[in-house]
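Read top to bottom, the protein sequences are chains A and B.
For what it's worth, full-length UniProt numbering labels the leading residue of the first sequence as 1, then goes sequentially.
For what it's worth, full-length UniProt numbering labels the leading residue of the second sequence as 1, then goes sequentially.
Quick reminder that beta carbons are idealized off the backbone N, C-alpha and C, glycines included.
For reference, the structure discussed in these notes is given below.
There are 2 protein chains.
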Amino acid sequence: MSTQTADHTDIRATNLAAVLGHLRRAAPCSRAAIAAGTGLNKATVTSIVGDLLDRRLVRETQQTQNHVGRPATLLVLDGSAYATIGLEVSGRGLTALGCDAAGEQVLRWHRAGPGGNAGPGRTISALAALARRAITTVQASGRQVLGISVGVPGLVDRDGAVVLAAGLGWRDVPLRAELASALGRPDIPVTVDNDASLAVLAEHLYGPLAGTANLIQVTGDTGVGAGIIADGRPLSGHRGYVGEIGHLRLVADGPACGCGRRGCLEALASLPAILSRIDGLDEGDPQLQLDQLIQRAQAADATVTKVLAEAGSHLGHGIAALVNTLNPEVVVLGGAYALLADQLVPAVDKALRDATIAPDAGGCRLAVSSFPQTATPLGATAQALSPLTQGRLPRP
Amino acid sequence: MSTQTADHTDIRATNLAAVLGHLRRAAPCSRAAIAAGTGLNKATVTSIVGDLLDRRLVRETQQTQNHVGRPATLLVLDGSAYATIGLEVSGRGLTALGCDAAGEQVLRWHRAGPGGNAGPGRTISALAALARRAITTVQASGRQVLGISVGVPGLVDRDGAVVLAAGLGWRDVPLRAELASALGRPDIPVTVDNDASLAVLAEHLYGPLAGTANLIQVTGDTGVGAGIIADGRPLSGHRGYVGEIGHLRLVADGPACGCGRRGCLEALASLPAILSRIDGLDEGDPQLQLDQLIQRAQAADATVTKVLAEAGSHLGHGIAALVNTLNPEVVVLGGAYALLADQLVPAVDKALRDATIAPDAGGCRLAVSSFPQTATPLGATAQALSPLTQGRLPRP
Chain A
1 MSTQTADHTD
11 IRATNLAAVL
21 GHLRRAAPCS
31 RAAIAAGTGL
41 NKATVTSIVG
51 DLLDRRLVRE
61 TQQTQNHVGR
71 PATLLVLDGS
81 AYATIGLEVS
91 GRGLTALGCD
101 AAGEQVLRWH
111 RAGPGGNAGP
121 GRTISALAAL
131 ARRAITTVQA
141 SGRQVLGISV
151 GVPGLVDRDG
161 AVVLAAGLGW
171 RDVPLRAELA
181 SALGRPDIPV
191 TVDNDASLAV
201 LAEHLYGPLA
211 GTANLIQVTG
221 DTGVGAGIIA
231 DGRPLSGHRG
241 YVGEIGHLRL
251 VADGPACGCG
261 RRGCLEALAS
271 LPAILSRIDG
281 LDEGDPQLQL
291 DQLIQRAQAA
301 DATVTKVLAE
311 AGSHLGHGIA
321 ALVNTLNPEV
331 VVLGGAYALL
341 ADQLVPAVDK
351 ALRDATIAPD
361 AGGCRLAVSS
371 FPQTATPLGA
381 TAQALSPLTQ
391 GRLPRP
Chain B
1 MSTQTADHTD
11 IRATNLAAVL
21 GHLRRAAPCS
31 RAAIAAGTGL
41 NKATVTSIVG
51 DLLDRRLVRE
61 TQQTQNHVGR
71 PATLLVLDGS
81 AYATIGLEVS
91 GRGLTALGCD
101 AAGEQVLRWH
111 RAGPGGNAGP
121 GRTISALAAL
131 ARRAITTVQA
141 SGRQVLGISV
151 GVPGLVDRDG
161 AVVLAAGLGW
171 RDVPLRAELA
181 SALGRPDIPV
191 TVDNDASLAV
201 LAEHLYGPLA
211 GTANLIQVTG
221 DTGVGAGIIA
231 DGRPLSGHRG
241 YVGEIGHLRL
251 VADGPACGCG
261 RRGCLEALAS
271 LPAILSRIDG
281 LDEGDPQLQL
291 DQLIQRAQAA
301 DATVTKVLAE
311 AGSHLGHGIA
321 ALVNTLNPEV
331 VVLGGAYALL
341 ADQLVPAVDK
351 ALRDATIAPD
361 AGGCRLAVSS
371 FPQTATPLGA
381 TAQALSPLTQ
391 GRLPRP
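Below, the structure is given as structure tokens:
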């Protein structure tokens, strides 16, 4: 019996996702149009639409359609009653972003630190404090918080534990469990993912690259990682560890990498590796160092120009490995790479074209992130909304 | 109006694919069970089952189900009236395989040559002759030929043109169009794909790894390429050029590669690269050379053992790039790599574990192909059947 119940719940969720999908593509539309467009029978559609109305996820509007006949009651989506919260942990600090289910931004905060050396305990406390404040703010705006998702620069397993985040100095940190426990809100689901995997969701859903079916986002702010949309879907792999290109060995006996090997892409072209090759930057504050790097790059400082050209060439070889393997249409430079794009792109593009086997790099072009500061938390808000888009409704 | 017609055809195909999928998982089952399992209404299911009965794709059986009530008319799949033909072009010759829609092998032929130097014209003539003979044989067995698919070791675009197949010396060969024209059978669709992309389909559908959601097959018989199943689906990328790991640069200033670069994986670890490092093999016949290589490997010939250990280590580094990027559960060694597995696997496994960043190689294990000689044409028969499994019915 329990199997049958689970099956029926699954079918209901699948059908509900189909109705929501049709509304996203075709609203305003009538119940009859939804039935025709999804192949579901009208009784099923009426019942599902009733649930959506109860939860204020759709609204009815009286409107004449574009063809003959009496005015029909049409349905439109309405996401304003619900929101999700996206968080990011990076070497530069903590970021929180809130979006309602219609995609409107409700809040955006950044706080510096506690820094890579603070250890996971202090970072999780600070993250929980930030999340609690975000929940309070979202609720005060009259919205229900549907979920929280956190992006971390490292390997994240299916339970939301951070298996390895070399740039933060973390290993085997049960982040999801500890953050959920610190929040004490069992009604608000918490998930954790790799930062690049969340960042690519933002590019795939919003901005000029939205809908690109084969899309990769590469970031190097802490380590170097890639988020991958392949054939229209985010990749996650067997345990969730996709896009770990940071440890591709590009230079035999190259510089030492945090992983214990030498000559890894990360040791050659991550932001920390770039910063370590440039003298005269203020110690201690990574955000300030990045600002100084950008200023000197824009002023065509000779050392900075040379270091960025070398890093760009290595990055292009790393991206070529992705392009040969996955044949994306677009590779997006995200995070600090986006802020340094003018200096990086020529060298990245040359190395990419030299090192891909397909003519014209398989049709791949480079692009610059539209969300250099917020791709990860923005993608996280979308990720936290995915139970709803997959047809699992909030309690009415 | 045409849009609406297309939509309705799509919905019909989607529903039909759902009915076929339910039958594959759950047959024998009743029409009512299909309706319950798919969420389709009973009239739709009855109509679709009628089409399937007309085309002899399902049969009715009278049978008592495992619970109370009167005996129901149950339905089972029946693929025996239809077959597809899979072809492979490789450095070692041409292979043809015929399978009926139930997966039963109808024919299997191999012919040596015409060899990499024959040029595409002669090869396509020989391939067309082989295909014509296969069509005749399948039809003589009382089956209708639903389609033909061809695997080629190179980049194949969406039109079935071979953009580049360095191991065959081919560039910009419109193989699909020329083969279809040579066959003169517009009723039989012809498709062309990368050999590794077809080979991984065979592993995903048949044998001990069937159903593995994150599965990569690596072959090196001509170049070195990978076929990729990620999160349960074959990857194809923007233009169809996935899995091209052969030109990952592993050794700066390494041996010259056919692509014009140096130190590529393909120049270090493909079967031709391995054969070129071993003296005393008969010239000219690649199949005979492979047989001699296997014999000397099994006899622990010192040169062969050393060459295979080195090639295995390079191959493991190449596979590590795939594992870091895609986090597969299983990487299958296919083709000649499968025949040489005893000698290759220790070195491949060590390099793979050394060069992956995730603990325990992200849960990835190496496996040996169950179809070292036939994975590509077997996958091609499945590919040629995909219009049917996606719900596009043959004419009754």
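Query, Result
"By the criterion of Cβ-Cβ separation under 9 Å, what are the contact partners of Ser313 (chain B) in chain A?", "Under the 9 Å cutoff, chain A gives no residues; its nearest Cβ is about 13 Å from Ser313 (chain B)."
"Secondary structure at Glu88 (chain A), three-state DSSP: helix, strand or coil?", "strand"
"In the DSSP assignment, what are the bridge partners of Tyr82 (chain A)?", "A:Gln144"
"Rounded to the nearest angstrom, what separates Thr84 (chain A) and Gly227 (chain A) at their Cα positions?", "21 Å"
"Spatial neighbours of Lys350 (chain B) within its chain, please: C-beta separation below 8 Å, excluding the five flanking residues on both sides.", "Ser313 and Gly316"
"Could you pull the DSSP bridge partners for residue 411 (chain B) from this structure?", "The requested residue 411 (chain B) does not occur in the structure, where chain B is confined to residues 1 to 396."
"Within the same chain, show all residues whose beta-carbon is closer than 8 Å to that of Val224 (chain A), passing over the 5 residues directly before and after it, in chain order.", "Val218, Ile245, Gly246, Leu265, Glu266, Ala269, Ser270, Leu315 and Gly318"
"Tell me, which residues are paired with Ala149 (chain B) by DSSP?", "Contrary to the premise, residue 149 (chain B) reads as Ser rather than Ala in this sequence. In the DSSP output, where bridge partners are listed per residue, Ser149 (chain B) has B:Gly86 and B:Thr191."
"Our contact map puts Pro208 (chain A) next to Ser80 (chain A) with C-beta atoms below 8 Å; I'd like the distance itself, whole angstroms only.", "Not quite, the Cβ-Cβ distance comes to about 25 Å (not below 8 Å), so this is no contact."
"Can you find a C-beta in chain B that's less than 8 Å from the C-beta of Arg239 (chain A)?", "yes"
"So if I threshold CB-CB distances at 7 Å, which residues from the segment 322–340 of chain B count as touching chain A?", "Leu322, Asn324, Thr325, Leu326, Asn327, Pro328 and Glu329"
"Using a C-beta to C-beta distance shorter than 9 Å, which residues of chain B count as neighbours of Cys259 (chain A)?", "Ile357"
"Is any heavy atom in the ligand NAD found nearer than 7 Å to the beta carbon of Val145 (chain B)?", "Looking at this structure, you won't find the ligand NAD or any other ligand, since it has none at all."
"For chain A, find out if any of its Cβ atoms is closer than 8 Å to the Cβ of Ala252 (chain B); answer yes or no.", "yes"
"Is the number of C-beta pairs between the segment 192–204 of chain A and the segment 250–265 of chain A that are closer than 8 Å three or more?", "no"
"Excluding five sequence neighbours on each side, which residues of the same chain lie with their C-beta closer than 6 Å to the C-beta of Met1 (chain A)?", "Reliability of the predicted coordinates at Met1 (chain A) is poor, the pLDDT of 29 falling under 50, and the value obtained from them is presented with this limitation in mind. So the list is empty, once near-sequence residues are dropped."
"Compute the Euclidean distance between the alpha carbons of Asp279 (chain A) and Gly363 (chain B), then round it to the nearest angstrom.", "41 Å"
"Are the C-beta atoms of Glu310 (chain A) and some chain B residue less than 8 Å apart?", "no"
"Are Val19 (chain A) and Thr38 (chain A) closer than 8 Å when you measure CB to CB?", "yes"
"Please classify Glu178 (chain A): is it buried, with 16 or more other beta-carbons within 10 angstroms of its beta-carbon, or exposed?", "buried"
"Could you pull the DSSP bridge partners for Asp100 (chain B) from this structure?", "B:Ala83"
"What residues of chain B sit near Ser236 (chain A), judged by a beta carbon separation below 7 Å?", "Asp231"
"Taking its Cβ as the centre, do 16 or more other Cβ atoms sit within 10 Å of Ser236 (chain B), making it buried, or is it exposed?", "buried"
"Asp51 (chain A) and Leu388 (chain A): beta carbons closer than 8 Å?", "no"
"Given a cut-off of 8 Å, decide if Leu74 (chain A) and Thr95 (chain A) are closer than it, judged by their beta-carbon atoms.", "no"
"CA-CA distance, Leu378 (chain A) and Arg261 (chain B)?", "41 Å"
"When you compare only the Cα positions, how much space is there between Gly142 (chain B) and Arg56 (chain B)?", "13 Å"
"Determine the DSSP secondary structure at residue 412 (chain A), reduced to helix, strand or coil.", "Any answer about residue 412 (chain A) is impossible in this case: the structure gives chain A only from 1 up to 396."
"Can you tell me the Cα-Cα spacing of Leu23 (chain B) and Leu183 (chain A), whole angstroms?", "46 Å"
"Give the DSSP-derived three-state secondary structure of Gly225 (chain B) in the structure shown.", "strand"
"With 16 as the cutoff for other CB atoms within 10 Å, does Val150 (chain B) come out buried or exposed?", "buried"
"What are the partner residues of Ala230 (chain A), as DSSP defines its beta bridges?", "A:Arg233"
"If contacts are defined as beta-carbon pairs under 8 Å, then Ile216 (chain A) and Leu322 (chain A) qualify, I think. What distance do you get, rounded to the angstrom?", "6 Å"
"Listing by chain order, which chain B residues have their CB less than 9 Å from the CB of residue 410 (chain A)?", "Since the first residue shown for chain A is 1 and the last is 396, residue 410 (chain A) is missing from the structure and cannot be characterised."
"Quick check: is the beta carbon of Ala382 (chain B) nearer than 8 Å to any beta carbon in chain A?", "no"
"Smallest Cα separation from Leu146 (chain A): which of A:Ala309, A:Pro328 and A:Ala384?", "A:Ala384"
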